[in-house]
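All remarks here apply to the structure that follows.
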Amino acid sequence: MVFDDNHPLFGTYKVAKRIAIGVVGGTVLALGIVMMITPGPGIAGILAGLGILAIEFAWARSWLRKIKAKAQSMASQFQSKNSSNKNASAKDLPPPPA
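The opening position of the sequence shown corresponds to residue 2 in my numbering, with each subsequent residue numbered one higher.
Structure below.
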């Protein structure tokens, strides 16, 4: 940390840091949203913006947790569906010619 709690500029530093993180994270988040419409890695931009904002803001941490939980559930559903399709397709194949 730059200043300890007793430094006269500690409060100003905390506010300036919060503003800087908000501006940078908000800009990256907005660019990610724009990239959802235009060519570019929109989802990655949104996640990066939320990650930056989560350094300082509780609402961004909450959104990231929700997104992570949703992504994990989607991945597990995809994985189970993919493995069941592999098993089903292997059973449905005719025997190899002799």
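We put the beta carbon where it would ideally sit given N, CA and C, even for glycine. Everything numeric in this text was worked out from a predicted model, so none of it was measured.
Backbone CA spacing between residue i and residue j [nearest angstrom]
{"i": "Ala59", "j": "Ile53", "result": "12 Å"}
{"i": "Tyr14", "j": "Ala45", "result": "30 Å"}
{"i": "Gln73", "j": "Arg66", "result": "11 Å"}
{"i": "Gly50", "j": "Ser81", "result": "31 Å"}
{"i": "Met36", "j": "Arg62", "result": "22 Å"}
{"i": "Gly33", "j": "Leu48", "result": "8 Å"}
{"i": "Asp6", "j": "Gly12", "result": "8 Å"}
{"i": "Ala70", "j": "Leu10", "result": "39 Å"}
{"i": "Ala1", "j": "Ala76", "result": "Residue 1 lies beyond the residue range present for the chain, which begins at 2 and ends at 99; the question has no answer from this structure."}
DSSP state of residue i mapped onto helix, strand, coil
{"i": "Thr39", "result": "coil"}
{"i": "Leu32", "result": "helix"}
{"i": "Asn7", "result": "coil"}
{"i": "Ala17", "result": "helix"}
{"i": "Phe58", "result": "coil"}
The stretch 55 to 72 / the stretch 18 to 27 touching (three or more Cβ pairs under 8 Å): yes
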